[in-house]
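In the working numbering, the protein residues as written are 26 to 110. For reference, the structure is listed below as structure tokens.
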Amino acid sequence: MARAIGISRESMPMILREAGLKAHKKVEGHLITEQAKVKWLGLCKRFPKRFSADWHRAILFSDEKWFGIEKLTIIRMTGCGRRGR
Numbered sequence: 026m027a028r029a030i031g032i033s034r035e036s037m038p039m040i041l042r043e044a045g046l047k048a049h050k051k052v053e054g055h056l057i058t059e060q061a062k063v064k065w066l067g068l069c070k071r072f073p074k075r076f077s078a079d080w081h082r083a084i085l086f087s088d089e090k091w092f093g094i095e096k097l098t099i100i101r102m103t104g105c106g107r108r109g110r
């Protein structure tokens with residue numbers, strides 16, 4: 026677009042920003058066939074049944090330790106052992 030107008034590429038975003046506009050490019054997505062849509066719909070309908078028993082929350086690894094997938098909160102200690110620095 027900048028080349029068509031005859032200005033530099035770097036000037037184009039500044040001009041658009043000053044005008045209150047945003048630069049955008051039309052993005053083409055993947056073609057989803059009807060067969061894929063039907064398959065995806067069936068999978069989505071099975072999700073509530075699959076995850077209703079909460080079996081997905083406990084994962085067994087090869088060393089036989091249990092780890093949950095709940096959000097972990099890390100408390101950061103600040104200033105610990107930094108006297109006089």
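Where is the CB? At the ideal position from N, CA and C, for every residue including glycine.
By Cβ distance, which residues of its chain are closer than 6 Å to M21, with the 5 residues on each side in sequence left out?
-> Past the edges of the chain, shown from 26 to 110, lies residue 21, and the structure says nothing about it.
Own chain partners of K47 with C-beta closer than 8 Å, once the 5 adjacent residues on each side are dropped | Cβ neighbours of K47 beyond the five flanking positions: L41.
From K74 to L66, what distance separates their C-alpha atoms?
-> 14 Å
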